[in-house]
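Under mature numbering (1 follows the signal peptide of the UniProt record, and there is no 0), residues -25 to -1, 1 to 103 are what the sequence shown spells out, in order.
Okay, structure first, notes after.
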Amino acid sequence: MILKTQRQVLAAAAFWIWASFTPLAAQQKSLQDSTPEQRAKMQTEWMKTKLGLNGSQVTQAYNLNLFYAQKNESILKSSEGKLNKFKKLRPIQKEKDNALSNILNPDQYKRYQELKDQLIQNLKDKKR
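Here you go:
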């Protein structure tokens, strides 16, 4: 049970780190201080750069990222602890990943999953 919880926390933390790979992070502005529109824009730019999205994919990815950034807003702004936030964000992230698989081609989606796995591994390594 503890291992499962640790994996859930790591997966959610990976999402937060992934969302932070942006100009806002460089400006040291916290994720909680950003708007859903800012988060959607930075996630889309990250995807465009790392996954080589075409024009149509950029538009679709932005719309998807905005939808989920708005959906996550109340969780991110809540006063709940990090673990509770992670538990609530995890199924939403899975839902988003499924929708994203309809936008990306198979190679792009594979690369997306690899990048997420790298983030999780980096978190595990940092924890040790």
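We put the beta carbon where it would ideally sit given N, CA and C, even for glycine.
Which residue's Cα is closest to the Cα of Q13: Y43, N29 and E55? The residue labelled residue 13 in the question sits at position 38 within the sequence shown. Closest by alpha carbon: Y43.
Runs of 4 residues minimum, wholly inside the stretch 17 to 72: which ones carry the alpha helix (DSSP H) assignment? 30 to 52
Drop a sphere of 10 angstroms on the beta-carbon of Q93, count the other beta-carbons inside from all chains shown, and report buried for 16 or more, exposed for fewer. Residue mapping note: residue 93 aligns to position 118 of the sequence shown, counting from 1. With fewer than 16 Cβ atoms within 10 Å of its Cβ, Q93 is classed as exposed.
Rounded to the nearest angstrom, what separates E70 and N77 at their Cα positions? As a first step, residue 70 is located in the sequence shown; it is residue number 95 there, counting from the start. As a first step, residue 77 is located in the sequence shown; it is residue number 102 there, counting from the start. Near 12 Å, if we compare the C-alpha coordinates of N77 and E70.
Return the residue from the list N38, L79 and E48 that minimises the CA-CA distance to L64. Within the sequence shown, numbered from 1, the residue matching residue 64 stands at position 89. Out of N38, L79 and E48, E48 has the C-alpha closest to the C-alpha of L64.
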